[in-house]
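What follows is a short report on a single structure.
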Amino acid sequence: MFNMFKHLIKTSSCKNPLEHSSEVSPCNEHACTQATPDVTHISTSHNNSADIIACCSGSLIDAATLPDPVFAQKMLGETCAIAPCEDTITVCSPSDGSVSALFPTGHAFGITRPDGVEILVHIGINTVEAHGEGLRVLDVCQGDTVKAGKPMVEVDVKKLSQTYNMSIMTIITDAQQQTINFKKSGSVNQGDSIVA
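First residue of the sequence shown? That's 6 in the numbering used here, and the numbers climb one at a time after it.
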C-alpha cells in the first residue's frame, strides 16, 4: 500500500483512515464514466510541473497551531494548512502526478509526482468519522494521471465545520531527498504556489 498511508496509520492520533474500508478505493463507483478523465490545469505565473499549488483558496495557517499533534508536529512530513474561505469548495490536486491513493470517504488522497515526491492532501481533521458525508469524490480514480488543479473532492465546509476542524492539509510525505518548504502565512487563491 502507498507509503504515506502506512505512516498515517502508524503515527496518527486520529482515527484510522482505513477503518471504514478494507483498502484505498481504486475508483469511485460514481466516477470514471469516461475512459480518460477530464484533466483541468490551473495556470499561474508561478506554476510548473515540480511546483505545489494551493488546492483551495483561503488563509494559510501555521501548521504548529493545528489541534492534532500528527499535523502540528509534522509527523507525516512538511505540512501546509489552509483555512478555506468559502462554504463549499472543490479541493484540487496540488501537483502534476498520478493519483496514488484515493479514499472512498473523500477525506484524503495522495499524489505522486513524476520525480517520486509523494504528497498527501488531508481534508479536515478526523473527517474520516463523517463516513463521506459532506465530501464527494469527483471524476477521478486511483491510478489516473492528473495535472495540478484537477478537481478531486467537493467539500461542504459549512456542514462539516459544525463538527470538525476543516483545515486542508497538504503534506510532503516523501520529499525524495529534496528540500521543500511551504509558505506559512497570508492568503492564497487556488492555483497559487505554496512553496516558500
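Heads up, the beta-carbon is just placed ideally off N, CA and C, and yes, glycines get one too.
Quick caveat: nothing in here was measured; it's all calculated off a predicted structure.
Whether residue i touches residue j by CB criterion (8 Å)
{"i": "Ile199", "j": "Ile58", "result": "yes"}
{"i": "Cys60", "j": "Val126", "result": "yes"}
{"i": "Asp149", "j": "Ser103", "result": "yes"}
{"i": "Val133", "j": "Thr110", "result": "yes"}
{"i": "Gly115", "j": "Gly154", "result": "no"}
{"i": "Val158", "j": "Thr93", "result": "no"}
{"i": "Thr178", "j": "Leu81", "result": "yes"}
{"i": "Pro99", "j": "Ile124", "result": "yes"}
{"i": "Ile128", "j": "Leu140", "result": "yes"}
{"i": "Ala86", "j": "Ser172", "result": "yes"}
{"i": "Ser62", "j": "Asn194", "result": "yes"}
{"i": "Glu91", "j": "Val142", "result": "no"}
{"i": "Phe108", "j": "Met174", "result": "no"}
For residue i, three-class secondary structure by DSSP
{"i": "Gly102", "result": "strand"}
{"i": "Leu140", "result": "strand"}
{"i": "Thr117", "result": "strand"}
{"i": "Val200", "result": "strand"}
{"i": "Ser50", "result": "In this predicted model, Ser50 has a pLDDT of only 38, less than 50, meaning its place in the structure is not dependable; the value taken from the coordinates is given anyway. Three-state DSSP puts Ser50 in coil, outside helix and strand."}
{"i": "Val151", "result": "strand"}
{"i": "Val96", "result": "strand"}
Residue interval of the beta strand (DSSP E) (run including residue i)
{"i": "Pro74", "result": "Unbroken run through Pro74 is the alpha helix (DSSP H), Pro74 to Ala77; no beta strand (DSSP E)."}
{"i": "Ser127", "result": "Reading the sequence as shown, one finds His at residue 127 and not Ser. That run of the beta strand (DSSP E) goes Glu123 to Ile128."}
{"i": "Glu83", "result": "Glu83 to Pro89"}
{"i": "Gly202", "result": "Look at the range of the chain in this structure, 6 to 201, and you will see that residue 202 is not part of it."}
{"i": "Leu65", "result": "Gly63 to Ile66"}
Per-residue burial, residue i [other beta carbons within 10 Å of its own, 16 or more giving buried]
{"i": "Ala68", "result": "buried"}
{"i": "His136", "result": "exposed"}
{"i": "Pro89", "result": "buried"}
{"i": "Gln182", "result": "exposed"}
{"i": "Gln147", "result": "buried"}
{"i": "Ala201", "result": "exposed"}
{"i": "Gly191", "result": "exposed"}
{"i": "Asp120", "result": "exposed"}
{"i": "Pro72", "result": "exposed"}
{"i": "Thr84", "result": "buried"}
{"i": "Pro74", "result": "exposed"}
{"i": "Thr117", "result": "buried"}
Proximity test, residue i beta-carbon vs the ligand ATP heavy atom, cut-off 7 Å
{"i": "Val145", "result": "As presented, the structure is devoid of all ligands, the ligand ATP included, so that no description of it is given."}
Exercise. Can you list, in chain order, the stretches of the alpha helix (DSSP H) that have 4 or more residues and sit fully within the stretch 154-196?
Worked result: 162-165
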